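Novice: Okay, so the sequence shown: first residue is 126 according to the working numbering, each after it adds one. One structure, as structure tokens, below. Some questions next.
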Amino acid sequence: MGGDDDNLRLFHSAPHPCGYWPGRQARDLVLDPRDPRLPALYPMALQWGFRRSGDILYRPSCDGCRACVPVRIAVAAFRPNRSQRRCLARNADIEAHIVTPACSDEYLRLYQRYLAFRHPGGGMDGHGAHEFEQFLIGRWNESRFLELRQRDSHRLLAVAVTDLTEEALSAVYTFYDPDQAARGLGTLGILQQLEWARRSGRDHLYLGYWIAGHPKMDYKRRFQPLEAFDGHRWQPLPAV
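Structure below.
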């Protein structure tokens, strides 16, 4: 690095309960949230294994644990596997729309229903409009909402919050109708983001962190070719 990058300030967060493994403590490495260069630094931070949550760019940095592995999909080389092709066929009645982020009543209702279903008692149950905007939209990043709607009824089934950089997309968070869980809407959201990235000529779709054996995080390994960041470079992460 050189120039202004040499003046980057990073902080370790205080220990906090791990969001993935009960009973464990976690810490994060955080880029200075007051740095006015965050929009320009974001593409490079993604390459270093960082992730955005609200206005914060962070990377897990836990004592004695390296379970959270940053992963990304090489867009041009991706081909859906048999299960993913079935997901696309099962959801042939769904249309994807890319829209400007907002906190509408429709989005908020779906988000709250999803949290109550997916993360009961996880500390997010009381999220309202303020938390929605703070967590998903942010102030300095360029984002879009990828809506998944039924074609005939226009019913909203899922929203994939997606950050845009010149060379990549980053899948920030997806929430969906819990009554439609059998559709595989999380998988469909990633497949639609991959198509969006391919269509727009972007190289990668960042998926955040993969955790081996975790029931909510291990699915990411099914998207191949997947690359993992080891702290120094990105390397292929083979399918199981």
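A virtual CB, placed ideally from N, CA and C, is assigned to each residue, including glycine. Here the structure is a predicted model, which means the values were calculated and not measured.
(1) Select from Q349, L313, R323, A353 the residue whose C-alpha is nearest the C-alpha of I336.
(2) Would you call the region 323-331 and the region 304-313 touching, i.e. three or more CB-CB distances under 8 Å?
(3) From the DSSP output, which residues share a beta bridge with R177?
(4) Between the Cα of D218 and those of L133, H279, K341, spot the shortest distance and give me the residue it belongs to.
(5) Taking the alpha helix (DSSP H) that I223 belongs to, which residues open and close that run?
(6) Just to confirm, are Y167 and T290 a CB contact at a threshold of 9 Å?
(7) Do V286 and L271 have their beta-carbon atoms positioned less than 9 Å apart in this structure?
(8) Enumerate, from N- to C-terminal direction, the unbroken beta strand (DSSP E) stretches of 3 or more residues contained entirely within the region 260-295.
(9) Give the secondary structure of W321 by DSSP, where H, G and I count as helix, E and B as strand, and everything else as coil.
(10) By the 10 Å Cβ neighbour count, where 16 or more other Cβ atoms means buried, how is V194 classified, buried or exposed?
(11) Could you tell me the alpha carbon to alpha carbon distance between Y232 and N132, rounded to whole angstroms?
(12) By DSSP, does P195 sit in helix, in strand, or in coil?
(13) Could you pull out every residue in the same chain whose Cβ sits closer than 6 Å to the Cβ of P226, ignoring the five residues on either side in sequence?
(14) Quick one, which of G179, A151, E258 has its alpha-carbon nearest S186's?
(15) Using 10 angstroms around the beta-carbon of A364, count the other beta-carbons present and answer buried if the total reaches 16, otherwise exposed.
(16) When you compare only the Cα positions, how much space is there between I181 and V196?
(17) Exposed or buried, which one is A202 when buried takes at least 16 other CB atoms within 10 Å?
(18) Which word fits D343, buried or exposed, when buried means at least 16 other C-beta atoms lie within 10 angstroms of its C-beta?
(19) Label G189 either buried or exposed according to how many other C-beta atoms from any shown protein chain fall within 10 Å of its C-beta, with 16 as the threshold for buried.
(20) Taking C-alpha atoms, which residue in R346, L282, Q360, G356 lies nearest to F175?
(21) Could you tell me the alpha carbon to alpha carbon distance between P161 and S208, rounded to whole angstroms?
(22) Relative to the C-alpha of L316, which residue among K341, Q172, P205, L240 is closest?
Specialist: Looking at the atomic coordinates:
(1) For I336, the closest of Q349, L313, R323, A353 by C-alpha to C-alpha distance is A353.
(2) They do not touch, by the three-pair rule.
(3) L182
(4) Residue H279 is the option with its Cα nearest to D218.
(5) Taken as a continuous stretch (DSSP letters only), I223 belongs to no alpha helix (DSSP H), being part of the beta strand (DSSP E) at 219-224.
(6) Yes, these two residues count as a Cβ contact at 9 Å.
(7) yes
(8) 268-275, 281-289
(9) helix
(10) V194 is buried by the Cβ-count criterion.
(11) 39 Å
(12) In the structure shown, P195 sits in a strand (DSSP, three-state: E or B).
(13) Taken in chain order, the residues that qualify are I262, S268, F270.
(14) A151
(15) By the Cβ-count criterion, A364 is exposed, with fewer than 16 other Cβ atoms from all chains shown falling within 10 Å of its own Cβ.
(16) 19 Å
(17) exposed
(18) exposed
(19) Counting every other CB atom within 10 Å of its CB across the protein chains shown gives G189 a total below 16, marking it as exposed.
(20) A check of alpha carbon separations from F175 across R346, L282, Q360, G356 identifies G356 as the nearest.
(21) When only Cα atoms are considered, P161 and S208 end up about 43 Å apart.
(22) P205
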